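Since the structure comes first, as structure tokens, the remarks are kept for the end.
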Amino acid sequence: QVQLVESGGGLVHTGGSLRLSCAASGRSLTSYTMHWFRQAPGKEQEFVAAISESGTTTWYEDSVKGRFTISRDNQKNTVYLQMNSLKPEDTATYYCNAQFRAAGLDYWGQGTQVTVSS
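Going by the numbering used here, the sequence shown wraps up at 206, each residue one higher than the last.
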């Protein structure tokens, strides 16, 4: 079992920055592809970014490319999402997700709120 705890959300103005963290406990994340998803009120959950087990490969949703950076520190069992040039449309609850597809394992954090004011 993996427990994921997100932190770092908050209220920022347009153009501001936040750094989200996702700390894992219970098991090493080295076998897990890590993802960030978000869900705005009244909207479906959407993919934001992902990073491979080793951290060598990353993927981003088009609207965040060039503004968000996902990274991981396997020694600290933590994944990060650096968010720059934030826009009001980035307002959402952000969720950390760990996937180990070969083993059919999928874990979620409780979410952290990000609010960007215009």
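Think of the CB as a built atom: it goes at the ideal place given N, C-alpha and C, for glycine as much as any other residue. Just so it is clear, the structure is predicted and the values come from calculations on it, not from any experiment.
Counting along the chain, where does the beta strand (DSSP E) carrying residue i start and finish?
i, result
"L92", "Q91 to S95"
"T166", "T166 to M171"
"T200", "T200 to S205"
Residue i to residue j, Cα distance in whole Å?
i, j, result
"Y120", "Y182", "18 angstroms"
"I139", "R160", "8 angstroms"
"A128", "G192", "27 angstroms"
"G68", "E94", "Residue 68 lies beyond the residue range present for the chain, which begins at 89 and ends at 206; the question has no answer from this structure."
"R115", "S205", "37 angstroms"
Using the three-state DSSP reduction, which class does residue i fall into: helix, strand or coil?
i, result
"A111", "strand"
"S151", "helix"
"E177", "helix"
"A138", "strand"
"A190", "helix"
"G98", "strand"
"L117", "coil"
"Q226", "In this structure the chain extends from 89 to 206, so residue 226 is not present and cannot be described."
"N185", "strand"
Among the candidates the options, whose CA atom is the shortest distance from the CA of residue i?
i, options, result
"V90", "Y195, E132, V152 and G199", "Y195"
"L99", "T179, G199 and N185", "T179"
"R155", "N172, K164 and S206", "N172"
Below 8 angstroms on the Cβ atoms is my contact criterion, and I expect residue i with residue j to pass it. Report the Cβ-Cβ distance as a whole number of Å.
i, j, result
"S87", "L174", "As displayed, the chain neither begins before 89 nor continues past 206, which places residue 87 out of reach and without an answer."
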